[in-house]
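Following: one structure in structure tokens, then a few remarks.
Residue numbers (our numbering), protein chains in the order written: chain A, 1 to 498; chain B, 499 to 996.
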């Protein structure tokens, strides 16, 4: 008999049930259950079946019934026995090529187009291949660079948060409370760097910035309210606004970001990225911020400030957040650790008036209770032990070098930058010649190992320019940048124009 | 000079900003910023201030300006110097008693009662003290018992999921995909134990069962739809249903759970807990399940089955889930790891037709992207290495012993059980004499070190009996049960009747 890899776990008798509708004998039903399990790929070659004693006890039949069923299954080569060690799925058993491939999906009894009262699909998102790491020049945005991340210290912090005493407190559910160590760090270290002073009651920890945007929109918007957003703006914002059925107005940005004069007076909530406009990366000057705050007070609208990427200010210090100029609680501030640590972490935070944050906690609780305690505590340690600041410095130096290589190559190959953050950031906003279809360009480049982000998803559906794209340098190594840019230049030359 | 505890981190110069509205000189402004930081509790005794060189560079002022400000602050005893090692917050500095207590909260410029378009608060939840572990007899529900949990192996699995290669894949964001190892375990081991066969496309991982309920309600319900729920039922369900503005109908359960005949024909979605009714713990018999499925087909409604606690079937094997009888994709099944592992984990899953699960992924993505990769992978290892099954067996044995002690003590002291799961579970549903106010009873008992859960939150607002309560044995040790039950009996004797 040939050698077989031992299966990690046996097949539990608890996975066997008689079907009350079945017509066959008990023995036949047992045979069918085993054969179906094997044919569907659920039971795998070498896996151990339940003993006849256990299966008989579980199903409430006599042991001989199970033994007879197993004997028939052996005769049909579905299973074999290794003497006293029991019954196993045979390598010679008939097999389906794919997991559960033979299972006919259910669902034909329900008219899902009617059954689903609300739809959340069909919001365009950038098409990011899961295997982006295997590409030669992945100019993709928002992913962690494993060559820069401090994996060792992250692991140490996670370990510390896994200690017995810590575990006891983190295992408990906490509908309302966030990790006090994390909140304290945010209040004492993160926010003051943005010029913001906030009490713990004014801070909520969220499942990333996306979750913060979702919560803010759900609380502040209804179908009788108007949300104003920048054009172009973060595609994730549309995923958040559409389900509220609010009226959505887009205001074109200029070289200084959102022009306050262009904000319609009917605005109830303005979503803006003043420190580092998404996706163009431009920074709103102080005078314009003051004008914006004055407009908000005059027309009595709220502002949701998404302050993503302020941590990546390696060229010069980031300007203070809009929230730092907020003296009547009008600004709701959103920060994130997903960009500066890693996106799979799913941790961000939101700062606002106590009344608003109290409501946000209620909504978060109804939606998901709270972000997992272990992730919060691990992050709290990584931050408070200073590893985070060290990471940001290391990241800043690397991004600075990459950016220099990028801009040099871009100049050399004659590409056009449409926006570049004056204080740093992790990407450049690019403009291809008018009429270029950057969706087609991205598709073309992918075949050559280069990933770029077409810009269409950031624009209003109606007036969507096709010739913008984003080039991030957060996940591409310095040495691969020039060839990648050269490849883009070549592809642009060959691109058909509309 | 007295000894001081070294502060973990210095105060970063990046937390200093000039206020554009300020009238004072630059030196005065620096003094104010430091004094305000100390008075507000943000800067703490012994913490190191930025060097005059760094602060001057950051603020764009001459170094002498900073030095003069620091000298003044020393004269006022806010800070002191330790020669070349720099400036520190003085222990003699004026101090506020509490963190940021002196900070006047913002928010008076916004009328929040108008600004918030939707409210999520005021849903009653059980009042669970955060320090429940310190009580003598905490008969509280749904918390992990640290004397039973396999902390060592959980830690090992978490460590394995923190390895470099794992980390790279878990750090990436994954809008749509769940951890394939976790999904495979659920498909091959968890669901078959409930009689359910599902493909990965029919499974979504959620932030606990609450998140699954939220997603299902958001997709299936609108203000033109009707949700039918059991009375009494899980309080978290109301948090999920109210925001959809659907019509909500409650159907009284009997000793066999929900009676299918009583389900109104206008029902669009039924929320039910057939295997272990929440909170009464009764199990719906097979014949009634068949009748329920027939009703659902006839009146064309969907069923959301919350299969919480099936893992705790230590008395006899759990009956197969309702979903196992679903041949036209009408049942949406919800499972959770929060009860059997620990609630702070925040991991559950939902099984349904591929069309529905696809929409659920879209909504989850808009709300929060995905559950953190590390938590998914750690759980996947803990499950697939067999630690989970071992934990369930250990837990089952302990719960069995505790339940025996509970029922003996309940009989001895003449308390009345209103519902007890025939296959096990972690709690008993209790009925005090008519007219008893179990809210007052719980309050009274708390002062004597005993925690019980008043039952009011599980009932309809209108017809709320006041005399039910829940006693869980999942977080109380065997030896403390008799005295706890005795104390409840005493309190009940003394309780005033309505």
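All residues carry an ideal CB built from backbone N, CA and C; glycine is no exception.
Fair warning: this is a prediction, and the values are worked out from it, not measured in the lab.
From the options, residue whose alpha carbon lies closest to that of residue i
i: residue 685 of chain B; options: A:347, A:41, A:368; result: A:41
i: residue 707 of chain B; options: B:680, B:806, B:653; result: B:806
i: residue 37 of chain A; options: A:80, A:118, A:89; result: A:89
i: residue 255 of chain A; options: A:9, A:293, A:280; result: A:280
i: residue 724 of chain B; options: B:610, B:767, B:905; result: B:767
i: residue 259 of chain A; options: A:294, A:238, A:248, A:243; result: A:294
i: residue 290 of chain A; options: A:137, A:456, A:282, A:274; result: A:274
i: residue 627 of chain B; options: B:761, B:828, B:951, B:615; result: B:951
i: residue 618 of chain B; options: A:398, A:376, A:203, A:359; result: A:359
i: residue 933 of chain B; options: B:944, B:994, B:572, B:989; result: B:994
i: residue 969 of chain B; options: B:549, B:839, B:931, B:640; result: B:640
i: residue 9 of chain A; options: B:687, B:848, B:831; result: B:687
i: residue 315 of chain A; options: A:139, A:267, A:296, A:397; result: A:397
i: residue 250 of chain A; options: A:201, A:244, A:271; result: A:271
i: residue 486 of chain A; options: A:29, A:94, A:28, A:136; result: A:136
i: residue 252 of chain A; options: A:228, A:240, A:74, A:267; result: A:228
Buried/exposed call for residue i, threshold 16 Cβ in 10 Å
i: residue 925 of chain B; result: buried
i: residue 961 of chain B; result: exposed
i: residue 821 of chain B; result: buried
i: residue 391 of chain A; result: buried
i: residue 404 of chain A; result: exposed
i: residue 809 of chain B; result: buried
i: residue 721 of chain B; result: exposed
i: residue 562 of chain B; result: exposed
i: residue 818 of chain B; result: buried
i: residue 775 of chain B; result: buried
i: residue 374 of chain A; result: buried
i: residue 443 of chain A; result: exposed
Any C-beta of chain B under 8 Å from that of residue i
i: residue 428 of chain A; result: no
i: residue 328 of chain A; result: yes
i: residue 100 of chain A; result: Bear in mind that the predicted position of residue 100 of chain A carries a pLDDT of just 44, short of 50, making it too unreliable to give a figure here.
i: residue 336 of chain A; result: no
i: residue 220 of chain A; result: yes
i: residue 208 of chain A; result: yes
i: residue 137 of chain A; result: no
Chain B contact residues for residue i, given Cβ-Cβ distances below 7 Å
i: residue 312 of chain A; result: By Cβ distance, chain B contributes nothing, its closest Cβ being about 13 Å from residue 312 of chain A, past 7 Å.
i: residue 14 of chain A; result: 691, 815
i: residue 88 of chain A; result: Here the premise fails: no neighbours, minimum Cβ distance about 16 Å.
i: residue 115 of chain A; result: 718, 800
Contact list for residue i against chain A, beta-carbon separation under 9 Å
i: residue 762 of chain B; result: Under the 9 Å cutoff, chain A gives no residues; its nearest Cβ is about 18 Å from residue 762 of chain B.
i: residue 709 of chain B; result: 367, 368, 369
i: residue 774 of chain B; result: The contacting residues do not exist; residue 774 of chain B stays about 16 Å from chain A at best.
Closer than 8 Å to chain A by CB, residue i
i: residue 830 of chain B; result: no
i: residue 529 of chain B; result: no
i: residue 686 of chain B; result: yes
i: residue 786 of chain B; result: no
i: residue 792 of chain B; result: no
i: residue 595 of chain B; result: For residue 595 of chain B, the predicted model reports a pLDDT of 46, less than 50, meaning its position is unreliable and no value from the coordinates is stated.
i: residue 649 of chain B; result: yes
i: residue 644 of chain B; result: yes
Chain A contact residues for residue i, given Cβ-Cβ distances below 7 Å
i: residue 653 of chain B; result: 162
i: residue 670 of chain B; result: 143, 343, 344
i: residue 974 of chain B; result: The premise fails here: residue 974 of chain B is roughly 15 Å from chain A at the closest Cβ pair, so nothing lies under 7 Å.
i: residue 616 of chain B; result: 218, 219, 222
Contacts that residue i makes with chain B (C-beta to C-beta distance below 9 Å)
i: residue 259 of chain A; result: Per Cβ cutoff of 9 Å: no residues; residue 259 of chain A is ~20 Å from chain B at best.
i: residue 471 of chain A; result: Residues of chain B passing the Cβ test: none, with the nearest at roughly 19 Å.
Residue i beta carbon near the ligand MG (any heavy atom closer than 7 Å)
i: residue 899 of chain B; result: Ligands in the displayed structure: none, and consequently the ligand MG is not present.
Residues that residue i contacts on chain B, provided the C-beta gap is smaller than 8 Å
i: residue 391 of chain A; result: Under the 8 Å cutoff, chain B gives no residues; its nearest Cβ is about 13 Å from residue 391 of chain A.
Three or more C-beta pairs below 8 Å linking the segment 693-703 of chain B and the segment 907-924 of chain B: no
contact_flag[the segment 432-444 of chain A, the segment 508-520 of chain B] where n(CB pairs < 8 Å) is 3 or more: no
The segment 477-484 of chain A / the segment 399-419 of chain A touching (three or more Cβ pairs under 8 Å): yes
The segment 879-888 of chain B touching the segment 146-155 of chain A, judged by at least three CB pairs closer than 8 Å: no
Touching by the beta-carbon criterion (3+ pairs, under 8 Å), the segment 354-369 of chain A and the segment 709-716 of chain B: yes
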